[in-house]
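Working notes for the structure below.
2 protein chains.
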Amino acid sequence: MAPVKVVDELCPVSLPAALLGERWTLLLLRQAFLGTRRFEDFQSEMDISRSVLAERLGTLVEEGILRREAYKDVRTRYEYRLTEKGLDLYPVLMALRKWGNRWMAPDEGPSYDLHHRSCGGGVGVHVACDECGAELTARDVRVTPLR
Amino acid sequence: MAPVKVVDELCPVSLPAALLGERWTLLLLRQAFLGTRRFEDFQSEMDISRSVLAERLGTLVEEGILRREAYKDVRTRYEYRLTEKGLDLYPVLMALRKWGNRWMAPDEGPSYDLHHRSCGGGVGVHVACDECGAELTARDVRVTPLR
DNA sequence: CCCTTGGGTTCGGAATCCGAACCGTAGCTG
DNA sequence: CAGCTACGGTTCGGATTCCGAACCCAAGGG
Numbered sequence: 001m002a003p004v005k006v007v008d009e010l011c012p013v014s015l016p017a018a019l020l021g022e023r024w025t026l027l028l029l030r031q032a033f034l035g036t037r038r039f040e041d042f043q044s045e046m047d048i049s050r051s052v053l054a055e056r057l058g059t060l061v062e063e064g065i066l067r068r069e070a071y072k073d074v075r076t077r078y079e080y081r082l083t084e085k086g087l088d089l090y091p092v093l094m095a096l097r098k099w100g101n102r103w104m105a106p107d108e109g110p111s112y113d114l115h116h117r118s119c120g121g122g123v124g125v126h127v128a129c130d131e132c133g134a135e136l137t138a139r140d141v142r143v144t145p146l147r
Numbered sequence: 148m149a150p151v152k153v154v155d156e157l158c159p160v161s162l163p164a165a166l167l168g169e170r171w172t173l174l175l176l177r178q179a180f181l182g183t184r185r186f187e188d189f190q191s192e193m194d195i196s197r198s199v200l201a202e203r204l205g206t207l208v209e210e211g212i213l214r215r216e217a218y219k220d221v222r223t224r225y226e227y228r229l230t231e232k233g234l235d236l237y238p239v240l241m242a243l244r245k246w247g248n249r250w251m252a253p254d255e256g257p258s259y260d261l262h263h264r265s266c267g268g269g270v271g272v273h274v275a276c277d278e279c280g281a282e283l284t285a286r287d288v289r290v291t292p293l294r
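This is the structure:
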């Protein structure tokens, strides 16, 4: 694997990495996928300061990953919900989870489980060739610089 | 999707998220997967300060994601290489890349491309049911709290 | 000998993060 | 209607972390 020089702005990983690789953002998204929607709930379920939470929610809304929406409970409240762009991050979280289960699992095992709604099967993540369908590891992939 | 209260330490996403959701770590891993191995090369290819680079490389080594190894060039040098645990993060990076290509792609397109070495096909990432094989989105998955 | 290179470590100042306090709007209570 | 509470923030001061620049040391090379 020869080192590939990369123009950072043109690497499809670097922008998302800069966004998600900001403290709290991944945890916030996990929480969103678990169904948390309200400011207060994020704040009490994660141990994050209110100011930083407000800021992170703000940038996620700006990025179009969450949308802030008013709704009527007993009175007007707001919720932060995943947009389509946000929902599309699911594979990232699932890949993280799979890795976490394999390499950083707590002794007692996870505190929740995920299953396919309709058949009850577990959730798997796979990197596969679009052409031949073979499961791929880093070693099976060639990097071709374009510029 | 009812909100699920999660004991943070028992969520298989939270530990990896805390680790990778630290500034620079994801970018560093991307670089590692592209073949960068030496301190100086990380430093010149990414725009990171030497002190933080040293620290991040250190924690990744502590975590067993990279291993630091001496080797002989014209003289003794060191390289940071992905361990098996590190290589196993490939799906995370690929999921990030896929998302980046779809939602944050730069106008000119990516600066490099990935292909299956043996058949030339593209690299795909899939979340699928272990049982029935169906492709899954967040909506198809049920969260079951265990404790 | 002095110079260069790789791989760091060590500053001081700048940017972030945190907890705690505050604020405004709304409803509910009496 | 006066006062209280809940939500969804914003605004502080102090504690961390980050950064760039400078320094350090070992091993060659000229």
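First to last, the sequence lines map onto chains C and Y. Residue numbers are given in the working numbering: position 61 of the first sequence equals residue 61, and the series is strictly consecutive. Residue numbers are given in the working numbering: position 41 of the second sequence equals residue 188, and the series is strictly consecutive. We put the beta carbon where it would ideally sit given N, CA and C, even for glycine.
| query | result |
| --- | --- |
| Buried versus exposed call for A2/C [16 or more other C-beta atoms within 10 Å across all chains shown] | At A2/C the pLDDT is 38, less than 50, meaning the model places this residue with poor confidence and gives no usable figure here. |
| Segments of 4+ residues assigned as alpha helix (DSSP H) that fall wholly inside the segment 165-202 of chain Y | 172-180 and 186-192 |
| L207/Y vs G233/Y beta-carbon contact at 9 Å | yes |
| Simplified DSSP state of G196/C, which is helix, strand or coil | Since the first and last residues shown for chain C are 1 and 147, residue 196/C lies out of range. |
| Buried/exposed call for C296/Y, threshold 16 Cβ in 10 Å | Nothing in the structure corresponds to residue 296/Y, since chain Y is present only between 148 and 294. |
| Three-state class that DSSP yields for R222/Y in the structure shown | coil |
| Whole-angstrom distance between R185/Y and Y227/Y, CA atom to CA atom | 6 Å |
| Nearest residue (CA-CA) to G121/C, options C276/Y, S161/Y and A165/Y | C276/Y |
| Beta bridge counterpart(s) of A128/C as assigned by DSSP | E135/C and G271/Y |
| Three-state class that DSSP yields for A149/Y in the structure shown | Caution is warranted here: a pLDDT of 39 is assigned to A149/Y, below 50, making its placement in the model unreliable, and the coordinate value is therefore given only provisionally. Of the three classes helix, strand and coil, the one that applies to A149/Y here is coil, per DSSP. |
| Supposed close pair M241/Y, P16/C - CB separation, criterion 8 Å | Actually they are not in contact, since the Cβ atoms of M241/Y and P16/C sit about 12 Å apart, beyond 8 Å. |
| Residues bridged to L162/Y [DSSP beta-bridge criterion] | DSSP lists no partner for L162/Y. |
| Whole-angstrom C-beta distance between L89/C and L29/C, which should lie under 8 Å | 6 Å |
| Beta-carbon proximity list for V274/Y, same chain, < 6 Å, skipping 5 on both sides | L283 |
| Cβ-based burial, S265/Y [other Cβ within 10 Å; buried from 16] | exposed |
| Residue closest to T36/C, alpha-carbon to alpha-carbon, out of P145/C, G100/C, E63/C and Y78/C | Y78/C |
| Contacts that A281/Y makes with chain C (C-beta to C-beta distance below 9 Å) | H116, S118, C119 and G121 |
| is_contact[S14/C, chain Y] using C-beta, thresh 9 Å | yes |
| DSSP state of P238/Y mapped onto helix, strand, coil | helix |
| Buried/exposed call for R146/C, threshold 16 Cβ in 10 Å | Rather than Arg, the amino acid found at residue 146/C in this sequence is Leu. The residue in question, L146/C, is exposed, as its Cβ has fewer than 16 Cβ neighbours within 10 Å. |
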